[in-house]
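**Q** One structure follows; several queries about it will come next.
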Amino acid sequence: MSSRELARSSNGGGPAQLADVLERVLDKGIVIAGDIRINLLDIELLTVKLRLLVASADKAREMGIDWWEGDPFLSRRAQGGELEDRLRRLEQAAGLRDGREEES
Amino acid sequence: MIGAAAQTAWYVYGVVRVSDARVAGVDAVEHGALAALVERVSLDEFGEDVLPERLNDRQWLEEKARAHEGVLVRAAVAAPVVPLRFGTIVRERDDVASLLARNEEPFERTLALVDGRWELGVKGWQSEPAVEDAGGPASGGPASEGAASGRAYLEQRRAERRRADVAAGERATVAAAAHERLLARAVDGVVNRPQPRELTGRDDAMILNGAYLVERDDDALGREVDSLNLEYGSRGYSFELTGPWPPHNFVVGDDAA
């Protein structure tokens, strides 16, 4: 076995990036129907990803990020003008939005 | 807090071979050749009525997601493990055994696939800020009303779009070439959606979000990442290895139920 260093993240061996962890545990792995119904669409934090859509759908498409188009839940939401507001509230609540917006 | 103790249920992290049941240091329920890595949880936390709220509590979600991942990582570095999706919960301990029985086939197939292997991640980044348009004028800013300036504005937008197209084409080409090379060094590989900056918290744009299943004692993927960095570094691209991860991206089959 080599001594290859497997950094768990770009933070010099710190804990893995939360986004990487969430992407894996919420979106991958075998899905088994349990007794407790857990609807991951309830996780509004994930819709933070929609920031890209709000910022520029074209840009997102360029990057190959067009997954919402096949998702009736998200594309229906995306029609509404309230989406942006909703996201802003969610992100603020989640502490995901930094001060960048404030300095306009 | 008054009255009966909180109701509990069984949270299932993943599935291992019965001989590896102790590998993650958590409770295990055995059934035949398989063992489920489990933990008793309170329905105060994981009950259907409270989950929607909990899931949107960022701190709670992070803590639980990391705990889920932590158990699976401990297992994965030592033994083949089948990661289950976050939040797989059954009421009774006996239900865990029937869950194993019901899904024996996909579990066995996944264990066979990941035996002696683990998942590594490779992220590709572009340091040049991707095409700046920040959505600003597209929404009809307070620009002037004049026809001439309107035309100039449209032309500017068109030129921006052309530049964006060229840049996007280059990014896609680099990402595809990198993935192909990485895949050649792995047992299997998948490309996931690049994460937006809002999730990465970085100024660099993610151009590749790949996951690769590799033999544990094989360094080839890491070396390929090094050579990608050498080759593409001068053009503003960088590649980063993450993991080892439990093989989330390489499970075979889902519950038919």
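Protein chains in written order, with our numbering: chain C, 1 to 104; chain P, 1 to 257.
We treat Cβ as the ideally placed atom computed from N, Cα and C, and that holds for glycine.
#1: Using a Cβ-Cβ distance cut-off of 7 Å, determine whether residue 83 (chain P) contacts chain C.
#2: Less than 7 Å between the beta carbons of residue 190 (chain P) and residue 211 (chain P), yes or no?
#3: Return the Cβ separation of residue 239 (chain P) and residue 252 (chain P) in integer angstroms, given the expectation that the two are a contact with Cβ distance under 8 Å.
#4: Nearest by alpha-carbon distance to residue 124 (chain P): which of P:20, P:200, P:32, P:217 is it?
#5: Throw me the rounded Cβ distance for the residue 39 (chain P) and residue 27 (chain P) pair, which I believe falls under 8 Å.
#6: Based on Cα-Cα distance, which residue from P:14, P:88, P:13 lies nearest to residue 40 (chain C)?
#7: Report back the beta-carbon spacing between residue 122 (chain P) and residue 241 (chain P) to the nearest angstrom; my notes put them in contact at under 8 Å.
#8: Pull up the CB-CB distance for residue 23 (chain P) and residue 74 (chain P), whole angstroms please, since I reckon it's below 8 Å.
#9: For the putative contact between residue 20 (chain P) and residue 79 (chain P), defined by C-beta atoms under 8 Å, what is the C-beta separation to the nearest angstrom?
#10: So, does the CB of residue 86 (chain P) fall closer than 7 Å to a CB anywhere in chain C?
#11: According to DSSP, which residues form a beta bridge with residue 17 (chain P)?
#12: Where residue 187 (chain P) and residue 214 (chain P) are concerned, what is the direct C-alpha to C-alpha distance, given to the nearest angstrom?
#13: Which residue from P:126, P:99, P:149 puts its Cα closest to that of residue 234 (chain P)?
#14: Between the region 214-246 of chain P and chain C, which residues of the former have CB atoms less than 8 Å from a CB of the latter, in chain order?
#15: Which whole-angstrom value is the C-beta distance of residue 21 (chain C) and residue 85 (chain P), which I expect to be below 8 Å?
#16: For the putative contact between residue 120 (chain P) and residue 243 (chain P), defined by C-beta atoms under 8 Å, what is the C-beta separation to the nearest angstrom?
#17: Pull up the DSSP beta-bridge partners for residue 192 (chain P), would you.
#18: Tell me, to the nearest whole angstrom, how far the beta carbon of residue 35 (chain C) is from that of residue 82 (chain P); I am working on the premise that it is less than 8 Å.
#19: For chain C, find out if any of its Cβ atoms is closer than 7 Å to the Cβ of residue 7 (chain P); answer yes or no.
#20: Mark residue 156 (chain P) as exposed unless 16 or more other C-beta atoms lie within 10 angstroms of its C-beta, in which case mark it buried.
#21: Measure the beta-carbon distance from residue 96 (chain P) to residue 10 (chain P) and round it to whole angstroms, keeping in mind my assumption that it falls under 8 Å.
#22: How about residue 33 (chain P) and residue 16 (chain P): are their beta carbons less than 7 Å apart?
#23: Less than 7 Å between the C-beta atoms of residue 220 (chain P) and residue 185 (chain P), yes or no?
#24: Once DSSP output is grouped into helix, strand and coil, what is the label at residue 70 (chain P)?
#25: Any idea what DSSP makes of residue 134 (chain P), helix, strand or coil?
#26: Alpha carbon to alpha carbon, how far is residue 76 (chain P) from residue 246 (chain P)?
#27: Report the CB separation of residue 25 (chain C) from residue 68 (chain P) in whole angstroms; it is logged as a contact under 8 Å.
#28: Quick one: grab the DSSP three-state call for residue 157 (chain P).
#29: Relative to chain C, which residues along the region 92-114 of chain P have a C-beta separation below 9 Å, given in chain order?
#30: Comparing C-alpha positions only, which one of P:197, P:196, P:181 sits nearest to residue 223 (chain P)?
#31: Which of helix, strand or coil does DSSP assign to residue 7 (chain P)?
#32: List the residues of chain C that residue 121 (chain P) touches, going by C-beta distances under 7 Å, in chain order.
#33: So what does DSSP say about residue 68 (chain C), is it helix, strand or coil?
**A** Working from what's here:
#1: yes
#2: yes
#3: So it is not a contact: roughly 28 Å between Cβ atoms.
#4: P:200
#5: 6 Å
#6: P:88
#7: 6 Å
#8: 7 Å
#9: 4 Å
#10: yes
#11: P:34
#12: 5 Å
#13: P:126
#14: 216, 217, 219, 222, 240, 241, 242, 243, 244, 245, 246
#15: That belief does not hold up - the Cβ atoms of residue 21 (chain C) and residue 85 (chain P) are roughly 13 Å apart, past 8 Å.
#16: 4 Å
#17: P:209
#18: So it is not a contact: roughly 19 Å between Cβ atoms.
#19: no
#20: exposed
#21: 5 Å
#22: no
#23: yes
#24: helix
#25: Reliability of the predicted coordinates at residue 134 (chain P) is poor, the pLDDT of 46 falling under 50, and no value is obtained from them.
#26: 5 Å
#27: 5 Å
#28: helix
#29: 92, 95, 99, 102, 103, 106, 107, 110
#30: P:181
#31: coil
#32: 20
#33: Residue placement at residue 68 (chain C) is poorly supported in this model, since its pLDDT is 43, which falls under 50; the coordinates still yield a value, given next. Looking at residue 68 (chain C) - three-state DSSP - the assignment turns out to be helix.
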